[in-house]
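In our numbering, the protein residues as written are 85 to 427.
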């Protein structure tokens, strides 16, 4: 793709996100989301492959449906309340608006588009879709969190964690595994949204950091399948080791970065006397832990018979500084958790 065109599309992504984040008006927030969607479509189809075209078509249809439902909800709110202010949604439109935003995020049971779309696009575009594109809808959910239906968030959160774990077990394609991982993590974020929005935001930030680190690792290893990961040790042992640790961090194992949000969410659910929800989400997360450990086993404890024993590591010239900072944050933020929560 022409670098000038790519710069224009990336600038449009940033502008759409900025408009949504800074707006107090539902129509402006909707326009920002539409700019985001339309800017990502050419980036998804920069490689004119049938799978990329199919993924872009599925993404467009899903986002258009969610946008139509969101605009319909905003119009109902404007008719009832006589204003378009984001902070004053009516009870009637909150449920439909929440479902529309959750469809944009890819929460279960509106998740079917996400694995297929991620599988059909490149790793770089998958990184944008899994991190940057989640920011505007998530911020809108945070803004209406005081009016959102608690039963809706708990049911969708538990369903997403269960689907995220169950769907990822039999996968061999890393992009589909990351899609189901994203669904599971969003379930953890949503289930606590009504009770503690600050904790939900903290979880979302850490999810973004860990997912970025994982996608960067896959980009540097040029790996999209498990069979390609099993040969990565001879290419770059240090990168393979950090990739394994990032996977364990995504699984939520201590003492890595992914552990504190899960611990704090469980503690918050218990504090709110939601013992059944806390038990169910912990049991459902064991499914997710299984496929993370499966990936870790393939990376560290298996070696392809076709690899050579060369002592020369192939380290192409890539942005190692950015990668090192993101990886460090994805692994070592546990000691800083109390300071982060107190700010």
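Each residue gets a CB set at the ideal place from its N, CA and C atoms; glycine is no exception.
Rounded to whole angstroms, the separation of the alpha carbons of residue 167 and residue 335 is 43 Å. Annotated three-state conformation of residue 269 is helix, per DSSP. DSSP places residue 99 in the uninterrupted alpha helix (DSSP H) bounded by 87-106. Taking the CA atoms as reference points, residue 284 sits about 31 Å from residue 383.
When DSSP states are grouped into helix, strand and coil, residue 309 belongs to the strand group.
Going by beta carbons, residue 413 and residue 341 fall inside the 8 Å limit. Boundaries of the alpha helix (DSSP H) around residue 410: 404-416.
In this structure, DSSP gives residue 356 a state outside helix and strand, which the three-state scheme calls coil. Under the DSSP assignment, residue 123 falls in the alpha helix (DSSP H) whose first and last residues are 110-128. Within its own chain, the residues whose Cβ lies closer than 6 Å to the Cβ of residue 375, once the five positions on either side in sequence are excluded, are 252 and 253, listed in chain order. Under DSSP, residue 257 shares a beta bridge with 309.
When C-alpha distances from residue 261 are compared across 281, 298, 228 and 235, the shortest belongs to 298. About 7 Å separates the CB atoms of residue 258 and residue 310; that is less than 8 Å, so the two are in contact. Residue 361 sits close to residue 238, with the two beta carbons spaced by under 8 Å. Non-local beta-carbon contacts of residue 170 in its own chain, meaning distances under 8 Å to residues more than five positions away in sequence, involve 107, 108, 109, 110, 113, 224, 227 and 228 in chain order. The Cβ-Cβ distance between residue 380 and residue 328 falls below 8 Å.
In the DSSP assignment, residue 223 falls within the alpha helix (DSSP H) that extends over 219-227. Between residue 127 and residue 209, the C-beta gap is smaller than 8 Å, which places the two residues in contact. Straight-line spacing of the CA atoms in residue 247 and residue 163 works out to 37 Å. Annotation for residue 293: 341, 410, 413, 414 and 417 place their beta carbon closer than 8 Å to its own, counting only its chain and skipping 5 residues before and after.
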